[in-house]
Structures are given as structure tokens and as C-alpha cells.
Amino acid sequence: MLKLQPNIGRKDRLIRIIAGVAIAGAGLYFKQWWGILGLIPIATAVLRWCPAYVPLNMDTREPDEKQEECAG
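Written out as C-alpha cells, the structure reads:
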């Protein structure tokens, strides 16, 4: 099974959840299909992994978050 290496930090997760809920809420409010796109940032926040960050070699975790992963 593929193990996804976390590359999303706490602040990034919070922003993604807020943005995802806002997009989904707006889609529901306006009764438009694009509200479903709000699930993408929510899913990446839950998984703590963003596929777009992989080729860019990005990691938004703070140093203490990286140490927690190694310890646990």
C-alpha cells in the first residue's frame, strides 16, 4: 500500500478546510455544481498530503511537526 508522506502543516490545513467549506457552501447556496470542488481542499487537509506539492518538493510543515512524525 502506498504511504503518503505528509507535506501539509497545521496552518495550511486550517486554510484548506476554511476554503473548502466556503467553496462548498457557496456552491450549495447558489445551487451550482462547482461547490463539489470544495471537497478537494478538504480532502487534502484530512490526508495532510497535497499531490501538487510533490513535484515542487514543497512541505509547509513546521520543524516541530516534522519531529512529531519521526517520534510517533
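For the record, in the sequence shown the residue sitting at position 33 is 92 according to this note's numbering, with numbers rising by one throughout. Glycine included, C-beta positions come from ideal geometry on N, C-alpha and C.
Quick one: using the 10 Å Cβ neighbour count with 16 as the cut-off for buried, is N66 buried or exposed?
buried
By Cβ distance below 6 Å, which residues in the same chain neighbour P100 in space, the five residues on each side in sequence not counted?
The beta carbon of P100 lies closer than 6 Å to those of R75, A78 and G79 in the same chain, with the five residues before and after it left out.
Below 8 Å CB to CB, which residues in the same chain sit around Q64 once its five sequence neighbours on both sides are set aside?
W108
Report the rounded CA-to-CA distance for L96 versus E121, giving the unit in angstroms.
Roughly 27 Å between the two C-alpha positions.
Taking the alpha helix (DSSP H) that P100 belongs to, which residues open and close that run?
Residues L98 to L106.
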